[in-house]
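Undergrad: Pasting a structure here, questions to come.
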Amino acid sequence: MIKSKVEAASMASAVGDKILRFMMKLGPATAFKKRDWRGLIAELDRISVLRLALVAILSAACGTGVLYLLNSESRLVQEEDYSTLTAVGFVFLLVAYRFSQRHLIFRASESIEAALHDWRQRIAEKVLRLSLRDIEDISPGRLMDGIARHYAPLSQSIVTIVAGVEATVLLFFMFVYLLFLSTSAALLTVLVAVLCVAGYMNVAARLAETMTETSQLNGKLDRLSESSIKGSKELRLNADKRRAVLDDMVATSGELYKNRSASAGIFAEVISSGNTASYLMAGAVVFVLPLIGSTEQSQISVIVMAVIFLIGPIGGMIGSLQQLSIARFAVRSILEFEANVDKLLAGNGDVKATEDYTGFQKIVLTGVGYTHQTALDIDQPFSIQDVSLTIKRGQLLFITGGNGSGKTTALRVLTGLYPRDEGEIIIDGSPVAKRAGQNYRDLYATVFSDFHVFERAYALDSQALAKLDEWLVTLNIRSKLPADISQRFNPEALSTGQRKRLALALALVEDRPILVLDEWAADQDPATRNRFYEEILPALQKAGKTIIVVTHDERYFGCADVQAHMEDGKLAVAESSTKERAK
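As structure tokens, then:
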């Protein structure tokens, strides 16, 4: 049973994936290109959507049948007659139309949502495989768009689009019925359809350009809003800065307003033109056909009813055009984002190393260098050069240096988060690849200065959670967290110092051989800072941990086995140990 559900979900996702990709290609540019249409249709032929197509045809046939029976019964009423069989048939077709339409919209939407779920899952997995340098090069807004934001408008548009497809099929069936009733009326229908398509194609390019600009402005406004919230303290203290930020937000919002209004105007033009043409067609049947004399007077009322029924499908088709444009833009943006991620991953060449480094005795850095890649127009981007260092197992190493000297960059290269540009890292005589594999990164548990604490203690079993509880008590932070630490909590409710204590506790229960702490004690009170240097670090070192600490606390320099100093991207290591000098 479980297997069948999994297979059904997989099939639904495959159908949805093909529909989404087909929808992205189905644009105004392909409208009159036979080779494009052949390709698109051939692609659809390979999709397991025959059942959905049959349901759409059934729905349209039932809808047209309802119209036919209404017209038939109206003739009988005019002749003062009545058919029970026609009434029963009308009810049957109406029920069939209702359920087939519901089934079509539900199943198609379900398949597309299944595909979107797989897309989110697949792309999120790829993004998490990117190197830290790649993550930093992609703007947060683009990351959020590719992983989450583009999916919401796409999901919201699906039902309308599927309903529009059903309306298009229904429109075709009703056109055939109208052709049976009156060739002239059918030609008027074709004219309306041509006008609608021509009107949409006329504004499609403007619409695509406007939507792209709107997306960019949305991202800019999101960044400004996030910045104003994170910087609320600074803005509250500086009225001029607050006004400047507000002016920037208002200006961006104004541009967004203009773009959205322009989009609304374009859609209003398409919708109003289509609806006007539909009513014009009904008027032409009433006022023009009798003058032409090509239709019997008795048929006019039947044709008018058919034309009135056409207005609904035409409106549904036109209404779906707006959602189709939104959906195509979202699908294209998601797939372009994924293609960019794939390109970055292909360039990364993630190392599938199998060596077990956990029992290491010595790590040697020789002539290691790294230069920050940046899109900014900077003549000399920051770099670290010729970093040479030996780290022995069980050693306590302090790294000092001013702000911007390269300490954090050096640590990110050391831990394998940045691929070094030059030099070597050797573990017990075994060289580590420039793009270090996960087996190497597994050596390190870290709390960087720009650390992040998740809302849940992920990847911890019951034993690890028990150890976490002990460390939280030791670090005097347990009372600030829920009784059941396995549940979600809100790290933002904690002060910076408290979050750092929580981050340290989480890093310690990972039980990695090397602990890296980047200015951990900077936000701690004097008592906690003293315990950290005098009690916690010695206890961890005694337990066999290798510890690397970035610090400015000169008072505690004597606690370290070795002290190194960074300046202008270069590292200098003291000739004798700090402990020896302290003696």
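Following the working numbering, the numbering of the sequence shown begins with 248 at its first residue and continues without gaps.
Glycine included, every Cβ here is placed at the ideal spot set by N, Cα and C.
Taking DSSP as the reference, what is the three-state secondary structure of Q745?
TA: helix
Undergrad: With burial defined as no fewer than 16 other Cβ atoms inside 10 Å of the residue's Cβ, what is the status of L267: buried or exposed?
TA: buried
Undergrad: Going by C-alpha to C-alpha distance, which of R490, T656, L454 and R489 sits closest to Q569?
TA: L454
Undergrad: For the 8 Å Cβ check, are there 3 or more pairs between the region 671 to 691 and the region 712 to 732?
TA: no
Undergrad: Buried or exposed for K789, going by 16 or more other Cβ atoms inside 10 Å?
TA: Here K789 is exposed: its Cβ has fewer than 16 other Cβ atoms, across all protein chains shown, within 10 Å.
Undergrad: Apart from the five residues on each side of it in sequence, which residues of its chain come closer than 7 Å, Cβ to Cβ, to L712?
TA: A704, I732 and S733
Undergrad: Since H364 sits in a beta bridge, which residues does DSSP pair it with?
TA: H364 is not bridged to any residue.
Undergrad: Just to confirm before moving on: does the CB-CB distance between L612 and E671 stay below 9 Å?
TA: yes
Undergrad: Going by CA-CA distance only, name the one from V820, H799 and P785 that's closest to C806.
TA: P785
Undergrad: Exposed or buried, G649, counting other C-beta atoms within 10 Å across all chains shown (16 or more means buried)?
TA: exposed
Undergrad: Checking 9 Å against the spacing of the C-beta atoms, do F804 and T647 come in under that value?
TA: yes
Undergrad: Do H619 and S635 count as a contact pair if the criterion is CB distance below 9 Å?
TA: no
Undergrad: According to DSSP, is I610 helix, strand or coil?
TA: strand
Undergrad: Have a look at L484 and L471 and give me their C-alpha separation to the nearest angstrom.
TA: 18 Å
Undergrad: Where do the N-terminal and C-terminal ends of the beta strand (DSSP E) with Q710 fall, by residue?
TA: Here Q710 belongs to no beta strand (DSSP E); instead the alpha helix (DSSP H) covers S709 to T721.
Undergrad: So V578 and L401 are in contact, right, with Cβ under 8 Å, and what is the actual spacing, rounded?
TA: 7 Å
Undergrad: The alpha helix (DSSP H) spanning D381 covers which residue range?
TA: L379 to D384
Undergrad: Which two residues bound the contiguous beta strand (DSSP E) that contains Y691?
TA: Y691 to V694
Undergrad: Taking the alpha-carbon positions, what's the L417 to A259 distance?
TA: Roughly 24 Å separates the two Cα atoms.
Undergrad: From this set, S386, E583, T662 and A410, which residue's C-alpha is nearest L299's C-alpha?
TA: A410
Undergrad: State the Cα-Cα distance for the pair Q685 and V374, rounded to the nearest angstrom.
TA: 15 Å
Undergrad: Is the beta carbon of A553 closer than 9 Å to that of L314?
TA: yes
Undergrad: Does DSSP put Q788 in a helix, a strand or coil?
TA: Q788 falls in the helix class under three-state DSSP.
Undergrad: Since K681 is in the alpha helix (DSSP H), which residue starts that stretch and which ends it?
TA: Per DSSP, K681 belongs to no alpha helix (DSSP H) and is neither H nor E.
Undergrad: Identify which residue in S519, S652 and L340 has its Cα closest to the Cα of T815.
TA: The question names Thr, but residue 815 in the sequence shown is Asp. It is S652 whose Cα lies nearest to the Cα of D815.
Undergrad: Look at the alpha carbon of R776 and the alpha carbon of R748, and state the distance between them as a whole number of angstroms.
TA: 11 Å
Undergrad: Report yes if the CB atom of Q771 is closer than 9 Å to the CB atom of G744, and no otherwise.
TA: yes
Undergrad: If we call anything under 9 Å between Cβ atoms a contact, is L762 one with A754?
TA: Going by C-beta atoms, L762 is nearer than 9 Å to A754.
Undergrad: Do I794 and L644 have their beta-carbon atoms positioned less than 9 Å apart in this structure?
TA: yes
Undergrad: I believe S475 touches V497 by the beta-carbon criterion, under 8 Å. Please report the beta-carbon distance rounded to the nearest angstrom.
TA: That belief does not hold up - the Cβ atoms of S475 and V497 are roughly 12 Å apart, past 8 Å.
Undergrad: Output the distance between the C-alpha atoms of F698 and M564, rounded to the nearest integer angstrom.
TA: Rounded to the nearest angstrom, the two C-alpha atoms are 51 Å apart.
Undergrad: Look at I835 and Y687 and say whether their C-beta atoms are less than 9 Å apart.
TA: The question about residue 835 has no answer, for the chain in this structure spans 248 to 830.
Undergrad: Assuming E320 and T311 make a contact with CB atoms under 8 Å, what is their CB distance in whole Å?
TA: Between T311 and E320 the Cβ distance is about 15 Å, and since that is not below 8 Å, they are no contact.
Undergrad: Hey, out of F269, V437, V820 and R354, whose CA is closest to I561's CA?
TA: Nearest Cα to I561 within the set F269, V437, V820 and R354: V437.
Undergrad: Considering just the uninterrupted stretch of the alpha helix (DSSP H) at I724, what are its terminal residues?
TA: Taken as a continuous stretch (DSSP letters only), I724 belongs to no alpha helix (DSSP H), as it is neither H nor E.
Undergrad: Using CA coordinates, which residue listed in V335, L316 and R345 is at the minimum distance from L305?
TA: R345
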